[in-house]
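Q: Structure below; questions to follow.
There are 2 protein chains.
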Amino acid sequence: MSMTNAYEPGRAELSAEENALIARRERLLGPAYRLFYERPVHIVRGDGVWLYDADGQRYLDVYNNVPSVGHCHPRVVDALCRQARILNTHTRYLHENVLNYAEKLLATFPEELVHVMFTCTGSEANDLAYRIARRRTGGTGFIVTELAYHGGTHVIAELSPSLGEHVQLGDHVRTVPAPDAYRNPGRDIGSLFANNVRRAIDDLRVHGIKPAALLVDTIFSSDGVFGDPAGLLAEAVEVIRAAGGVFIADEVQPGFGRTGAHMWGFQRHGVVPDMVSMGKPMGDGHPMAGLVVRPELVSEFGKSRYFNTFGGNPVSSAVGLAVLEVIENEGLMANARAVGGHLGDGMQRLAAKHSAIGDVRGSGLFIGVELVRDRATKQPATAETAQVVNALREKRVLISSAGPHANILKIRPPLPFSKDNADFFLSIMDEVLGALDIQQHTV
Amino acid sequence: MSMTNAYEPGRAELSAEENALIARRERLLGPAYRLFYERPVHIVRGDGVWLYDADGQRYLDVYNNVPSVGHCHPRVVDALCRQARILNTHTRYLHENVLNYAEKLLATFPEELVHVMFTCTGSEANDLAYRIARRRTGGTGFIVTELAYHGGTHVIAELSPSLGEHVQLGDHVRTVPAPDAYRNPGRDIGSLFANNVRRAIDDLRVHGIKPAALLVDTIFSSDGVFGDPAGLLAEAVEVIRAAGGVFIADEVQPGFGRTGAHMWGFQRHGVVPDMVSMGKPMGDGHPMAGLVVRPELVSEFGKSRYFNTFGGNPVSSAVGLAVLEVIENEGLMANARAVGGHLGDGMQRLAAKHSAIGDVRGSGLFIGVELVRDRATKQPATAETAQVVNALREKRVLISSAGPHANILKIRPPLPFSKDNADFFLSIMDEVLGALDIQQHTV
Chain A
261 MSMTNAYEPG RAELSAEENA LIARRERLLG PAYRLFYERP VHIVRGDGVW LYDADGQRYL
321 DVYNNVPSVG HCHPRVVDAL CRQARILNTH TRYLHENVLN YAEKLLATFP EELVHVMFTC
381 TGSEANDLAY RIARRRTGGT GFIVTELAYH GGTHVIAELS PSLGEHVQLG DHVRTVPAPD
441 AYRNPGRDIG SLFANNVRRA IDDLRVHGIK PAALLVDTIF SSDGVFGDPA GLLAEAVEVI
501 RAAGGVFIAD EVQPGFGRTG AHMWGFQRHG VVPDMVSMGK PMGDGHPMAG LVVRPELVSE
561 FGKSRYFNTF GGNPVSSAVG LAVLEVIENE GLMANARAVG GHLGDGMQRL AAKHSAIGDV
621 RGSGLFIGVE LVRDRATKQP ATAETAQVVN ALREKRVLIS SAGPHANILK IRPPLPFSKD
681 NADFFLSIMD EVLGALDIQQ HTV
Chain S
261 MSMTNAYEPG RAELSAEENA LIARRERLLG PAYRLFYERP VHIVRGDGVW LYDADGQRYL
321 DVYNNVPSVG HCHPRVVDAL CRQARILNTH TRYLHENVLN YAEKLLATFP EELVHVMFTC
381 TGSEANDLAY RIARRRTGGT GFIVTELAYH GGTHVIAELS PSLGEHVQLG DHVRTVPAPD
441 AYRNPGRDIG SLFANNVRRA IDDLRVHGIK PAALLVDTIF SSDGVFGDPA GLLAEAVEVI
501 RAAGGVFIAD EVQPGFGRTG AHMWGFQRHG VVPDMVSMGK PMGDGHPMAG LVVRPELVSE
561 FGKSRYFNTF GGNPVSSAVG LAVLEVIENE GLMANARAVG GHLGDGMQRL AAKHSAIGDV
621 RGSGLFIGVE LVRDRATKQP ATAETAQVVN ALREKRVLIS SAGPHANILK IRPPLPFSKD
681 NADFFLSIMD EVLGALDIQQ HTV
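Note that the protein sequences, when read in sequence, are chains A and S. So the first sequence is numbered by my numbering: it starts at 261 and just counts up by one. So the second sequence is numbered by my numbering: it starts at 261 and just counts up by one.
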């Protein structure tokens, strides 16, 4: 995700209390931590799609995908507390929870994907996929998109160009442009993407590196939210397999019904991955993640043991099961589709009014709105996007931005987001974009 | 940890229900998961130092260090549930919990160690230490002990020889023998260890590899529990620093008061590490971990951002704070010292009776008991150790084993372990060792 909207000292007037909290953070947590917004938000309570600050002010959450079924969902919290009072141990004793959860989770996958291994974070899930891909293929080459983010472990940071100049990509890593239909009008996006993967494979081979995997976020979140046309991944998946590599779908962001039409982002493209990593929304905030695999992928890897102390424990499993039940019982996938469609339509209407909107895209409740200075040249409106994100924050609406120029609004609310919430958000967007138009015209 | 006691099909008669659970595990979780014991335990409830199986039978937990302040400690569960109902979000908004927790945690460290970064697992904490050590030193060489376990991410598995033949150590990794006073009687253990580190550094250099770090578990848990003599790490720490590397103390197992005399294992050796990783006991089962660092270590690294979605969230911070308060309020460190001493004395008395006990060692409630076939030759009693661990399980006492020959009983109960618990455990140990003696004499 872009950090253009990160807090920097001196850019905004803060209260004494806010300054004190920030000073404590720097003293205690050190220099690697970042805060959102010019004027950071001090959140003390969450409920559904709402967050509340220390002054009791309410913020509409249009950004956080971790509390995917809503902040502090009572059914999820009840499952957490019930199990935490009874038992929390590990997977080297027998326990039903991990099995009941694994069964329900795997039932949402195509039949080829039969095993799940549990970790605590998406980074760990991708790291495990990395280990398995190398073991399975004997290769070491990885292909990712130009602005991918897949996690923070050493080898996964090396596969995460969005971390920027201070983190070096590995020598064994090649990047390809994300499949951007907006900036490649009239092109066959799937072929374009597959051709770039082909070129990356060729370049790995020229350097004597055997390809291990193509790893992509199936909605290309940090690249700028690209999901269209449906099916675009199919050719690239064939290409990596023909080269002896495997296809890893990173569902940490699109997964768990967010894209509306499907439980998993890869389903939109009619492909069946070799491995699927998942994380953030899996426990509605509880630290849990996992990797779903085809059995042949782990037949060799399984000879070494894999143990994750907290992964798949009875509490995490109870929480994960409750999240799946809430998605089902509250029809959150259908809601993501309906409200996402409504929100997308509303954004298109705003586009007719505000020339800064160059493109509206996405699927379900994962929408990217690309801001440009000129619709003909598509010049990225980087500064204006930061202005919009910060202006929305001042109006107590939380979103962020993505993409190489940080000019793509990343709209990704908790799934119980209602049409009313969408309309409220659209009305505030209208105001904020209006102020931007005026500024653009007067400058 | 040794997996000699892992379940293997056909070694023990199991109930239809147990077999069904095991079949489901294999089908759903795949081949990389392992179960403890010839006859796996099906645990359904935990309370303090006790675990209960599906038939309502009670097991004394003499092994699990994750539920360090006791299984399902009500104060910890209350803190978890209270905060989970209010807010669970991330560190890019301001929140007091992470600061209050960081402050209390850092207060237990020497003044040189001033920042803490939060992760979800010990593997992630060590992986972060790896990244920081490389960035800080410009080196890539790592030195670990011969049977170390530091975690499961790709780069940390490469530093974990205890994972066995199926996981390759990195080319940039050198191993040194753990500081084993039992098998090196009369030697200066600290110098011996430091000399081995010196040799490892020399060998790295011969191969053109600049040393980055010496990484050790400060009680050498999976190597077989070595803590004596106090101070033994001091010379090795000087050696790695003189070579331009840093010293990373892995406190995932010894940390949080377990060794009785100190909150952290490294304090026993009078050294101040450059980084300290921690995990398992930190949240009494809740998935949380962290890395404490000297500020100069992250001055460069901090230019890149580090973000861990769940790490340091308000719920984890509330849980971590409650664990620290329980350790303090219930005097658990003093209890570890007193009961650990009592248990060690009892083991020494058993040693006078049972020749299989070659050595009793450790600190606080982390005790290693090495079983040998012959006290003169110190031949490891590998099979007998597995027999003891499985016999204890049949008598509903849970422990495990460690060391290169899996002949060291690993005794590591939750910290509220009482003298009565210790006496009960000792009486069962007496029986089990007695049966072993008889078998040894009749075979």
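We put the beta carbon where it would ideally sit given N, CA and C, even for glycine. If you're wondering where the values come from, they're calculated on a predicted model, not measured in any experiment.
(1) When Cβ atoms are compared, which residues of the region 355 to 369 of chain S fall closer than 8 Å to chain A?
(2) Can you name the start and end residues of the alpha helix (DSSP H) that Gly306 (chain S) belongs to?
(3) For Met689 (chain A) and Arg447 (chain A), I'd like the C-alpha separation in whole angstroms.
(4) Between Leu493 (chain A) and Phe526 (chain A), which are expected to be in contact by the criterion C-beta below 8 Å, what is the C-beta distance as a whole number of angstroms?
(5) Compile a chain-ordered list of the residues in the region 279 to 290 of chain A whose CB is closer than 8 Å to at least one CB of chain S.
(6) Tell me which same chain residues have a C-beta within less than 7 Å of the C-beta of Arg721 (chain S), skipping the five on either side of it?
(7) Taking Met593 (chain A) as part of the alpha helix (DSSP H), name the residues at either end of that continuous run.
(8) Measure from the C-beta of Phe645 (chain S) to each C-beta in chain A and report whether the shortest distance is under 8 Å.
(9) Expressed to the nearest angstrom, what Euclidean distance is found between the alpha-carbon atoms of Ser262 (chain S) and Pro327 (chain A)?
(10) Let me see if you follow: with CB-CB separation under 8 Å, is His665 (chain A) close to chain S or not?
(11) Just mark Val704 (chain A) as buried or exposed, buried being the case when its beta carbon has 16 or more other beta carbons within 10 Å.
(12) For Val436 (chain A), I'd like the list of residues in its chain whose CB is within less than 8 Å of its CB, leaving aside the five on either flank, ordered along the chain.
(13) Are the Cβ atoms of Leu551 (chain S) and Ala385 (chain S) separated by less than 8 Å?
(14) Find the nearest neighbour of Val476 (chain S) within the set S:Asp488, S:Asp463, S:Val497, S:Gly468, judged by alpha-carbon distance.
(15) Determine, using beta carbons only, whether Val336 (chain S) and Val583 (chain S) come nearer to each other than 8 Å.
(16) Alpha carbon to alpha carbon, how far is Glu418 (chain A) from Ala473 (chain A)?
(17) Considering only the beta carbon of each residue, do Phe378 (chain S) and Gly572 (chain S) sit closer than 8 Å?
(18) Between Gly450 (chain A) and Val358 (chain A), what straight-line distance do the alpha-carbon atoms span, to the nearest angstrom?
(19) Any idea if Glu242 (chain S) is buried or exposed, counting beta-carbon neighbours within 10 angstroms, 16 or more meaning buried?
(20) Say whether chain S places a C-beta atom closer than 8 Å to the C-beta of Asp683 (chain A).
(21) Under 8 Å between the Cβ atoms of Glu644 (chain S) and Tyr442 (chain S)?
(22) Could you tell me the distance, in whole angstroms, from the CA atom of Arg285 (chain S) to the CA atom of Phe296 (chain S)?
(23) Please list, in chain order, the chain A residues whose beta carbon lies closer than 8 Å to that of Val301 (chain S).
(24) Give the residues from the region 558 to 570 of chain A that approach chain S closer than 9 Å (Cβ to any Cβ), ordered along the chain.
(25) What are the start and end residues of the alpha helix (DSSP H) that includes Pro334 (chain A)?
(26) Grab me the residues of Asp483 (chain A)'s own chain with a C-beta within less than 6 Å of its C-beta, minus the 5 sequence neighbours each way, in chain order.
(27) Mind checking the region 516 to 530 of chain S against chain A and listing, in chain order, the residues whose C-beta falls within less than 8 Å of any C-beta there?
(28) Please confirm if Leu274 (chain S) has its CB atom under 8 Å from at least one CB of chain A.
(29) Identify the contact partners of Arg318 (chain A) in chain S, using a Cβ-Cβ distance below 9 Å as the criterion.
(30) Using only the alpha-carbon positions, how far apart do Lys540 (chain A) and Asp510 (chain A) sit?
(31) Against chain A, does Arg271 (chain S) count as a neighbour if the rule is that its beta carbon must be under 8 Å from one of theirs?
(32) Any residues in the region 338 to 353 of chain A with a beta carbon nearer than 8 Å to a beta carbon of chain S? Which ones, in chain order?
(33) Using three-state DSSP, classify Ile659 (chain A) as helix, strand or coil.
(34) Looking at the structure shown, is Ala472 (chain S) part of a helix, part of a strand, or coil, going by DSSP?
(35) Can you tell me which residues form a DSSP beta bridge with Leu311 (chain A)?
A: Inspection of the coordinates gives the following:
(1) Under the 8 Å Cβ criterion, the region 355 to 369 of chain S contributes His355, Glu356, Val358, Leu359, Ala362, Glu363, Leu366.
(2) Element bounds for Gly306 (chain S): not the alpha helix (DSSP H) but the beta strand (DSSP E), 303 to 307.
(3) One Cα belongs to Met689 (chain A), the other to Arg447 (chain A), and the distance between them is close to 31 Å.
(4) Between Leu493 (chain A) and Phe526 (chain A) a beta carbon distance of about 7 Å is seen, short of the 8 Å cut, so the two are scored as contacting.
(5) For the region 279 to 290 of chain A, residues whose beta-carbon sits nearer than 8 Å to a beta-carbon of chain S comprise Leu281, Ile282, Arg284, Arg285, Arg287, Leu288, Leu289, Gly290.
(6) Coverage of chain S is limited to positions 261 through 703, which leaves residue 721 (chain S) absent and any answer about it impossible.
(7) Element bounds for Met593 (chain A): 592 to 613.
(8) According to the sequence shown, residue 645 (chain S) is Thr rather than Phe. No, no contact with chain A.
(9) Confidence is the limiting factor: at Ser262 (chain S) the pLDDT is only 46, short of 50, which leaves the residue's position unreliable and the question unanswerable from this model.
(10) Not flagged as an interface residue toward chain S: His665 (chain A), since no C-beta distance is shorter than 8 Å.
(11) Because chain A in this structure spans residues 261 to 703, residue 704 (chain A) falls outside the shown range and cannot be described.
(12) Listed in chain order, the non-local C-beta contacts of Val436 (chain A) below 8 Å within the same chain comprise Ile403, Val404, Thr405, Glu406, Phe453, Asn456, Val457, Arg459, Ala460, local neighbours out to five positions each way being set aside.
(13) Their beta carbons are under 8 Å apart, which means Leu551 (chain S) touches Ala385 (chain S) by this criterion.
(14) When the alpha-carbon of Val476 (chain S) is set against those of S:Asp488, S:Asp463, S:Val497, S:Gly468, the nearest one is in S:Val497.
(15) Contact flag set, yes.
(16) So the two alpha carbons sit approximately 14 Å from each other.
(17) With respect to Gly572 (chain S), Phe378 (chain S) sits close: the two C-beta atoms are nearer than 8 Å.
(18) In a straight line, the C-alpha of Gly450 (chain A) is about 38 Å away from that of Val358 (chain A).
(19) The question about residue 242 (chain S) has no answer, for chain S in this structure spans 261 to 703.
(20) No, no contact with chain S.
(21) No, they are not a contact pair.
(22) Going by the C-alpha atoms only, they are around 14 Å apart.
(23) The contacting residues are Tyr353, Leu354.
(24) Considering only beta carbons, the part of the region 558 to 570 of chain A lying closer than 9 Å to chain S consists of Val558, Ser559, Glu560, Phe561, Gly562, Lys563, Ser564, Arg565, Tyr566, Phe567, Asn568, Thr569, Phe570, in chain order.
(25) From DSSP, the alpha helix (DSSP H) with Pro334 (chain A) extends over 334 to 346.
(26) Excluding five sequence positions before and after Asp483 (chain A), the CB atoms of its chain that fall closer than 6 Å to its own CB belong to Thr405, Leu407, Ala438, given in chain order.
(27) Residues: none.
(28) Chain A, which has no Cβ nearer than 8 Å to the Cβ of Leu274 (chain S), makes this no.
(29) Contact of Arg318 (chain A) with chain S by beta-carbon distance below 9 Å is absent, the smallest such distance being about 13 Å.
(30) Their backbone Cα atoms lie some 11 Å apart in a straight line.
(31) Chain A, which has no Cβ nearer than 8 Å to the Cβ of Arg271 (chain S), makes this no.
(32) Within the region 338 to 353 of chain A, the residues whose Cβ lies closer than 8 Å to some Cβ of chain S are Leu340, Cys341, Ala344, Arg345, Ile346, Leu347, Asn348, Thr349, His350, Thr351, Arg352, Tyr353, listed in chain order.
(33) Note: Ile659 (chain A) maps to coil in three-state DSSP.
(34) Of the three classes helix, strand and coil, the one that applies to Ala472 (chain S) here is strand, per DSSP.
(35) Answer is A:Gly306, A:Tyr319, bridged to Leu311 (chain A).
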